[in-house]
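Pasting the structure below:
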């Protein structure tokens with residue numbers, strides 16, 4: 025039997041979109057040995073010289089012009105990418121997409137970012153006959169995700185589904201699956217083994233993350249945490265932000281046996297497993313990974329748009345708290361040092377709450393698309 029091919033397309037505008045694609049790839053291969061997957065950041069793959077400059081400019085705009093980003097997000101909130109825009113994107117970045125698809129010959133195309141989704145939707149309007157599945161990787165939905173040619177939307181919550189319905193998407197084309205995270209986040213590991221692996225102590229632990237781009241670099245928050253270094257263990261994960269990592273390594277306040285400074289790692293699932301509090305930017309993937317581990321979360325300065333909406337949703341559910349002042353951090357450190365058992369009991373309650381969510385739902389939805397296409401061919 026020939027293997028069925030799934031092409032998963034993302035873009036490098038934030039690490040979460042591509043992480044979702046790889047999470048789906050892993051889950052699909054676990055579900056069936058007859059599925060072959062390929063993950064690509066499409067623009068970077070087709071234009072390796074131009075794409076990095078655009079992504080760098082985007083990162084700089086996010087960090088230096090948040091009000092502008094918020095205004096652009098809101099002003100186009102209900103608008104899909106128009107045909108002129110998708111044509112321009114295709115001409116500038118994706119002229120080789122047709123050739124790529126012919127080479128890979130996918131049975132299903134899955135997009136975890138709105139731009140490749142819009143480009144593939146345009147190709148479907150021009151005659152491409154491949155099912156398109158779009159995975160919305162946040163707890164909100166911007167209009168740029170929406171195209172009539174999408175055969176299946178996989179969304180995080182009923183609220184996101186309702187927003188799609190309000191914008192004219194057919195209900196049968198929407199499935200609530202949660203955001204796909206790597207299967208490792210749904211597994212439970214040995215605490216003792218993890219502590220030994222990372223050279224950590226068995227004591228109240230705070231994990232600080234800034235997302236894949238390492239945007240969490242608030243010196244006030246970091247300095248406050250360092251004041252409690254004798255009482256708690258602190259793990260700082262800087263992602264790809266080597267500059268901030270090296271700067272903190274040279275700071276005497278963070279040279280302590282209870283403070284651990286890490287760069288990029290593929291073992292965040294283990295660090296979340298043994299940590300008792302997560303301080304993070306509220307990206308859709310990070311929030312979902314934290315939820316899978318049941319870890320309480322504090323949200324630090326959400327980026328405009330999706331992160332703000334993610335923060336609102338998780339706060340409303342009681343799974344996280346925005347850092348509106350430093351007293352919130354102090355209160356949580358008091359809980360960890362004086363009421364540790366209560367914190368652990370609440371964590372188990374959260375894990376029980378989310379037991380209804382199966383980690384392979386997104387992958388199973390894609391398998392169903394493959395089976396439907398295979399049945400149509402027969």
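Numbering (my numbering), first residue to last: 25 to 402. For glycine and all other residues, C-beta sits at the position ideal for the given N, C-alpha and C.
Hey, could you find the ends of the alpha helix (DSSP H) residue i is sitting in?
| i | result |
| --- | --- |
| residue 143 | 138-149 |
| residue 184 | 182-190 |
| residue 125 | 121-128 |
How many whole angstroms separate the CB atoms of residue i and residue j, which I take to be in contact at a CB cut-off of 8 angstroms?
| i | j | result |
| --- | --- | --- |
| residue 280 | residue 259 | About 12 angstroms; that fails the 8 angstroms criterion. |
| residue 312 | residue 203 | 4 angstroms |
| residue 307 | residue 40 | 5 angstroms |
| residue 138 | residue 34 | Rounded, the Cβ-Cβ distance is 10 angstroms, inconsistent with contact. |
| residue 371 | residue 318 | 4 angstroms |
| residue 188 | residue 165 | 6 angstroms |
| residue 337 | residue 163 | 4 angstroms |
Pull the bridge partners of residue i from the DSSP assignment, please.
| i | result |
| --- | --- |
| residue 344 | 321 |
| residue 65 | 34 |
| residue 337 | DSSP, once it has assigned bridges, lists no residue as partnering residue 337. |
| residue 132 | 30 |
| residue 232 | 260, 303 |
| residue 59 | 28 |
For residue i, report the span of its beta strand (DSSP E) as first-last.
| i | result |
| --- | --- |
| residue 34 | 28-34 |
| residue 350 | Residue 350 -> not in any beta strand (DSSP E); alpha helix (DSSP H) instead, spanning 350-362. |
| residue 430 | Since the first residue of the chain shown is 25 and the last is 402, residue 430 is not available in this structure. |
| residue 200 | 198-200 |
| residue 303 | 301-304 |
| residue 156 | 156-159 |
| residue 179 | 176-179 |
Do residue j and residue i have their beta-carbon atoms positioned less than 8 angstroms apart in this structure?
| i | j | result |
| --- | --- | --- |
| residue 301 | residue 360 | yes |
| residue 177 | residue 197 | yes |
| residue 180 | residue 142 | no |
| residue 44 | residue 309 | yes |
| residue 213 | residue 297 | yes |
| residue 193 | residue 160 | no |
| residue 28 | residue 131 | yes |
| residue 52 | residue 316 | no |
| residue 256 | residue 229 | yes |
| residue 390 | residue 63 | no |
| residue 168 | residue 32 | no |
| residue 322 | residue 342 | no |
| residue 295 | residue 394 | no |
| residue 324 | residue 304 | yes |
| residue 369 | residue 206 | no |
| residue 133 | residue 150 | no |
| residue 262 | residue 224 | no |
| residue 353 | residue 245 | yes |
Please confirm if residue i has its CB atom under 8 angstroms from at least one CB of chain B.
| i | result |
| --- | --- |
| residue 332 | The chain labelled as chain B is not found in the depicted structure, where only one protein chain is given. |
Fully enclosed by the region 235-295, which beta strand (DSSP E) runs are 3 residues long or longer? Along the length of the region 235-295, whole beta strand (DSSP E) runs at least 3 residues long occupy 257-261, 283-286, reported in chain order.
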